[in-house]
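Here the sequence shown is numbered in our numbering, starting from 23 and rising by one per residue.
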Amino acid sequence: MTARHDERLHDRKFVRTFFTTPTAVEGEEDSAKMLRSASGLSGMEAPDVWVPDNEDATAPSMRDEGAHNIIEVLSENGAAFPSEIHPRVVWHRDSPQTRYQGFQHMLDIADPDNGAVE
23 MTARHDERLH DRKFVRTFFT TPTAVEGEED SAKMLRSASG LSGMEAPDVW VPDNEDATAP
83 SMRDEGAHNI IEVLSENGAA FPSEIHPRVV WHRDSPQTRY QGFQHMLDIA DPDNGAVE
């Protein structure tokens, strides 16, 4: 794949479909269970978009673990996923601490040293 992270892989401006997945599920032995399952879905292709959702679909107390799960699951399965992946993180809250936490999550998720893929 030769596209840069800021280049689209197609000319369409709209997605055909998208789906969100919680990034961490409380009370599960494997909190990334739903994320792992979604990473293996068939039938997705560009311009479909998968949104690992570390904001609304994930409990606030699980967001650090959710960011870690995104890194782990996408470094294992992201390159083989047949459509675009756009993780969603908290970054717009009134609390500077919450915004900073979301910013740190973005940096960690996008870090090639953590296995980030283009």
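Just so you know, even glycine gets a beta-carbon here, dropped at the ideal spot from N, CA and C.
Every value quoted in this text rests on a predicted model; they were computed, and no experiment measured them.
Please say whether residue j and residue i have beta carbons closer to each other than 8 Å?
i	j	result
I92	P74	yes
T120	T80	no
Using alpha carbons as the reference points, say which of the options lies closest to residue i.
i	options	result
G137	Q123, L129, L96	L96
A68	A79, S59, R38	R38
A89	N76, F125, F40	N76
D116	G124, A46, L129	G124
M128	S59, L63, P118, P109	P109
L84	V112, T42, F41	For the record, residue 84 in the displayed sequence is Met; it is not Leu. Residue V112 is the option with its Cα nearest to M84.
L63	D135, E51, Q126, T43	T43
Can you tell me where the beta strand (DSSP E) holding residue i begins and where it ends?
i	result
P44	40-44
Under the rule that 16 or more other beta-carbon atoms within 10 Å means buried, what is residue i, buried or exposed?
i	result
H114	exposed
S61	buried
A132	exposed
Please confirm if residue i has its CB atom under 8 Å from at least one CB of chain B.
i	result
G124	Of the protein chains in the structure, only one exists, and it is not chain B.
Output the boundary residues of the alpha helix (DSSP H) element that contains residue i.
i	result
L129	118-132
**Request:** Jot down the residue ranges of each uninterrupted alpha helix (DSSP H) in the region 66-114, minimum 4 residues, whole runs only, in chain order.
**Result:** 85-99
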